[in-house]
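See below for the structure under consideration.
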Amino acid sequence: MKKLLYIAIALCVVMSCARMGSPDGGWYDDDPPRVIGSSPAEQATNVDQKKITIYFDEYIKLADPTQNVIVSPPQLEMPEIRGAGKKIVVELQDSLKPNTTYTIDFSDAITDNNEGNPMGNYTFTFSTGEQIDTFEVGGYVIEASNLEPVKGISVGLYNNLSDTVFKKEPLMRISRTDETGHFVIKGVAPGEYRVYALMEQDGNYMFSQKSEMIAFSHEIYTPTAGPDVRQDTIWRDSLHIDNIIQVPFTHFYPDDVVLLAFNEILTDRFLVKSDRDNENRLNFFFSYGNDQLPVIRGLNFDADSAFILEANEKKDSLTYWLRDTTLVNKDTLELSIEYLATDTTGQLAIRIDTLEMQPKTSYEKRQKDKQKAYEDWLEEQEKSKKKGERYDSIYPVKSLDLNLSIPSSMTPTSVVYLESPTPLARIDTAGIHLYSQIDSLWYRSSFVFERRDSCLRQYKIVADWYPGREYSLEFDSLAFTDIYGLSSMPHKQGIQVKSLEEFATLELQLNGISDTGIVVQLIAQDDKVEYQVRAAKDRSATFYYVAPGTYYARAFIDRNGNNVWDTGLYDEDRQPEDVYYYSRAIECKEKFDVTLPWNLTEKPRNRQKPGELVKQKAQKEKKKRQNRNAERARQLGIEYVKKQMVK
């Protein structure tokens, strides 16, 4: 009827002036495909055939059925699903289970062939028993670490309420999350269930690999349903609402399940790779660290006292620095490395690998490069000499280049870091000086110089940095010498500490939970942590010396007190540490001093993260195709008026 109305409007416009031109383009086909039959019949019972054919009133397209179509109960052998002309054929490969409701959820993968009009969320249902199960379970899956929606993860049910069923049996009924993390499991029978999520990797629909993202909960759900009413909006055109009507529907519960998905730490230990990216060091990267460090034995050199070991905090990345330049200049080092690795039974066992370690650039090539650099330098000095310009008569000695890291927004609590490219053999602390300027005069300032924890080549300079004061950090010549005899040159670096008026102070008063040990972070829009504090006993988290800008707040319950977020572990029935987001941006300005209340549980976890931070964006609402002909008729009227005005 709407099409006839649009056509009548256009005919009136055209007939009102014989000189008006024909419309540019025809009317749109806004009608989605419609099911006109199927074999077996939709919602049929006592079905024993594994081939399902669905017929439509027009030619259709089926988009990526492997990803978009979900068959439940899950099929261990992938079904064949294909769209052909005006029908869709589904051939199940697994044996049919008795007295079971089957659902084939096409989501919005079905469109007409010409205009791409989506059919909408369509689910085909049949049963091998006497009745159709109609309950539904819905909710959301979000990442436990950052509350990001998880797209494409399978969500399923068990009526076996055992704590170990997730590793023993495939999920009973499944769905898959959309880009907002939302899922709806259909065709559920009455009963009690637990809900799990699994990023399937091996097709068995159970948690069998540690690399699989999972979510689990001990909450037991009993599906129910009841009558409800929702509001539907009727659009006059793309800009104007014609009417809002009340539509009765059956509301299925629960529809608010929230699962927190995580990846377990991969504790299987193996040597990922080894290399000699520079001639003076050997690198070994393990999948997981261990306090028992590897044993290296030289096969064509003496490995005793040959190395200085640099290990990261987790001990999964190890760098062995060669002490002796004779070994540095040796192109091939043959060695055996003995280390603990996970065997086929999942236990740690001694493994020995034999390796040949070669640098990217050979010793001969490095010597040629050095000779070339020297000859180029000589040539430059000769040119300068002939021109009467200043020149050097002594080839410059290579020095130790240190990397000094000073915060761009220096605060009274900031720390200055120093990193050496190679391990240091000697530090002359008497050659390190810090001066502060007071009333145009420079005075010595006290400081502490020490190595960073678990960092072989990194050091920190801690001092009382007074607001608004200027400092000078100075190193004497030869203050630092590395294991190869290279020494540092004199260095002077000015440091300006910002005044108190250039900072903000922010206090967040936390409530809504009884947990202690809350760590609160101020983060940027890219989720990078800018500031972190531990909440006080009164549940206040105060950030001093905050640089002006826009921030977001995140908190997590630090159960083990290590000040970092920790993931979960299924076998130990351990959930990941709880994470919460302040749902709005926080604008910090100069001289900004404010206190904000924060109820951590005021909103469900899936609605806490501010939209600006969400990386997995929901697809924009598709243009309302049912309005295109109304808009078309309106445009024809506008074009007619314009032509009359030209006349």
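Everything in the sequence shown is counted per the working numbering, starting at 961 for the first residue and increasing by one. Just so you know, even glycine gets a beta-carbon here, dropped at the ideal spot from N, CA and C.
Whole-angstrom distance between N1164 and K1021, CA atom to CA atom: By one-based count along the sequence shown, residue 1021 stands at place 61. By one-based count along the sequence shown, residue 1164 stands at place 204. Answer to the nearest angstrom: the Cα atoms are 29 Å apart.
Tell me, please, which residues DSSP counts as bridged to G997. For this step, residue 997 is matched to residue 37 along the sequence shown. Paired residue(s): Y1015.
Taking 8 Å as the threshold, find out whether the segment 1056-1074 comes into contact with the segment 1100-1118 through three or more Cβ pairs. No contact exists between the segment 1056-1074 and the segment 1100-1118.
Would L1056 pass as a contact of T1013 if the rule is Cβ separation under 8 Å? Residue 1056 sits at position 96 when you count from the first residue of the sequence shown. Residue 1013 sits at position 53 when you count from the first residue of the sequence shown. At least 8 Å separates the beta-carbon of L1056 from that of T1013.
Is it a yes or a no for the segment 1259-1270 touching the segment 1342-1362, going by three-plus beta-carbon pairs under 8 Å? Contact between the segment 1259-1270 and the segment 1342-1362 is absent, with fewer than three C-beta pairs closer than 8 Å.
Candidates D1123, T1085, W1281, S1032, of which the one nearest Q1241 by Cα: Here residue 1241 refers to the residue found at position 281 when the sequence shown is read from its first residue. The question names Gln, yet the displayed sequence has Arg at residue 1241. It is W1281.
What does the alpha-carbon distance come out to for the pair E928 and I1478? The displayed coordinates of the chain run from 961 to 1607. Any statement about residue 928 would go beyond what the structure contains.
Sheet register partners of P1078 (DSSP bridge): Mapped onto the sequence shown, residue 1078 falls at position 118. Bridge partners of P1078: T1071.
Use the C-beta contact count for G1080: other C-beta atoms within 10 angstroms, 16 or more gives buried, fewer gives exposed. One-based indexing of the sequence shown puts residue 1080 at position 120. Exposed, because fewer than 16 other Cβ atoms sit within 10 Å of the Cβ of G1080.
Among the candidates L1315, A1513, V1029, whose CA atom is the shortest distance from the CA of S1234? Within the sequence shown, the letter at position 274 stands for residue 1234. The candidate whose alpha carbon is nearest that of S1234 is L1315.
Any idea what DSSP makes of Q1418, helix, strand or coil? By one-based count along the sequence shown, residue 1418 stands at place 458. Q1418 falls in the strand class under three-state DSSP.
How about M1317 and L1293: are their beta carbons less than 8 Å apart? Residue 1317 sits at position 357 when you count from the first residue of the sequence shown. Residue 1293 sits at position 333 when you count from the first residue of the sequence shown. Against a cut-off of 8 Å, the Cβ pair of L1293 and M1317 comes out as a contact.
Looking only at DSSP bridge pairs, what is K1021 linked to? Within the sequence shown, numbered from 1, the residue matching residue 1021 stands at position 61. T1071.
Applying the criterion that 16 or more other CB atoms from any shown protein chain within 10 Å of the CB defines a buried residue, is M1166 buried or exposed? Here residue 1166 is taken as the residue at index 206 of the sequence shown, counted from 1. Classification for M1166: buried.
Quick test of the definition: if touching needs 3 or more C-beta pairs under 8 Å, does the segment 1218-1229 touch the segment 1170-1183? Touching, yes, given that three or more Cβ pairs across the two stretches are closer than 8 Å.
Cα-Cα separation, L964 to Q1206: The sequence position of residue 964 within the sequence shown is 4, counting from 1. The sequence position of residue 1206 within the sequence shown is 246, counting from 1. In this predicted model, L964 has a pLDDT of only 48, less than 50, meaning its place in the structure is not dependable enough to derive any value.
H1393 bridges to which residues according to DSSP? For the purposes of this step, residue 1393 is taken as the residue at position 433 of the sequence shown. The secondary-structure analysis by DSSP pairs H1393 across a beta bridge with E1434.
Indicate whether the contact test is met: 3 or more Cβ pairs, each with one atom in the segment 1563-1571 and one in the segment 1538-1551, closer than 8 Å. Contact holds: three or more Cβ-Cβ distances are below 8 Å.
Do A1507 and A1501 have their CB atoms nearer than 8 Å? On the sequence shown, residue 1507 is found 547 positions in, with the first residue counted as 1. On the sequence shown, residue 1501 is found 541 positions in, with the first residue counted as 1. If you check the CB distance, A1507 and A1501 do not come in under 8 Å.
Do R1417 and P1383 have their C-beta atoms closer together than 8 Å? Residue numbering aside, residue 1417 sits at position 457 when the sequence shown is read from its first letter. Residue numbering aside, residue 1383 sits at position 423 when the sequence shown is read from its first letter. Result yes, Cβ atoms of R1417 and P1383 sit closer than 8 Å.
Assuming F1016 contacts K1047 (C-beta within less than 8 Å), just tell me the rounded distance between them. The residue given as residue 1016 occupies position 56 in the sequence shown. The residue given as residue 1047 occupies position 87 in the sequence shown. A Cβ-Cβ distance of about 7 Å is found for the pair F1016 and K1047, placing them in contact under the 8 Å criterion.
8 Å contact criterion, which R1514 and I1483 should meet: CB distance rounded: Translated into the one-based positions of the sequence shown, residue 1514 becomes position 554. Translated into the one-based positions of the sequence shown, residue 1483 becomes position 523. At roughly 6 Å, the Cβ-Cβ gap stays under 8 Å, so R1514 and I1483 are in contact.
Using the DSSP secondary-structure output, state which residues sit across from K1047 in a beta bridge. Taking the first residue of the sequence shown as position 1, residue 1047 is located at position 87. Listed as beta-bridge partners of K1047 by DSSP are Y1015, A1044.
Could you check the C-alpha separation between K1325 and N1238 for me, to the nearest Å? The residue you call residue 1325 lines up with position 365 of the sequence shown. The residue you call residue 1238 lines up with position 278 of the sequence shown. In a straight line, the C-alpha of K1325 is about 13 Å away from that of N1238.
With DSSP run on the structure shown, which of helix, strand or coil describes F1126? The residue labelled residue 1126 in the question sits at position 166 within the sequence shown. F1126 falls in the helix class under three-state DSSP.
Can you give the Cα-Cα distance for N1250 and T1140, rounded to whole angstroms? Counting from one through the sequence shown, the residue named residue 1250 turns up at place 290. Counting from one through the sequence shown, the residue named residue 1140 turns up at place 180. Going by the C-alpha atoms only, they are around 39 Å apart.
Of all the options F1066, K1458, T1026, which has the alpha carbon lying nearest to the alpha carbon of V995? The residue given as residue 995 occupies position 35 in the sequence shown. When only C-alpha atoms are compared, the closest one is F1066.
Beta-carbon within less than 8 Å of L1036's beta-carbon, same chain only, minus the 5 sequence neighbours each way: which residues are those? Taking the sequence shown and counting its residues from 1, one reaches residue 1036 at position 76. Counting only Cβ-Cβ distances below 8 Å, and skipping sequence neighbours, we find D1054, P1130, G1163, N1164, Y1165.
Confirm, please, whether the CB-CB distance from T1441 to S1432 is below 8 Å. In the sequence shown, counting from the first residue as 1, residue 1432 sits at position 472. In the sequence shown, counting from the first residue as 1, residue 1441 sits at position 481. With respect to the 8 Å criterion, S1432 and T1441 are not classified as neighbours on the basis of their beta carbons.
Quick check on N1106: does DSSP put it in helix, strand or coil? By one-based count along the sequence shown, residue 1106 stands at place 146. In the structure shown, N1106 sits in coil (DSSP, three-state: anything other than H, G, I, E or B).
Can you grab the Cα-Cα spacing for the pair I1113 / V1101, in whole Å? Residue 1113 sits at position 153 when you count from the first residue of the sequence shown. Residue 1101 sits at position 141 when you count from the first residue of the sequence shown. Approximately 8 Å, taken between the alpha carbons.
Mapping the DSSP letters down to three states, classify E1224 as helix, strand or coil. Against the sequence shown, residue 1224 aligns to sequence position 264. DSSP places E1224 in coil when its eight states are reduced to three.
Under 8 Å between C-beta atoms of E1462 and E1550: The sequence position of residue 1462 within the sequence shown is 502, counting from 1. The sequence position of residue 1550 within the sequence shown is 590, counting from 1. Closer than 8 Å, so yes.
Along the chain, which unbroken stretches of the beta strand (DSSP E) at least 3 residues long are found entirely within the segment 1324-1385? Listed in chain order, the complete beta strand (DSSP E) runs (minimum 3 residues) inside the segment 1324-1385 are 1363-1365, 1376-1379.
Coarse secondary structure for L1460, derived from DSSP in three states: Taking the first residue of the sequence shown as 1, we reach residue 1460 at position 500. The answer is helix: DSSP assigns L1460 an H, G or I state.
Under three-state DSSP, which class holds E1581? By one-based count along the sequence shown, residue 1581 stands at place 621. Residue placement at E1581 is flagged as unreliable, the pLDDT there being 45, under the threshold of 50; a coordinate-derived value is accordingly withheld.
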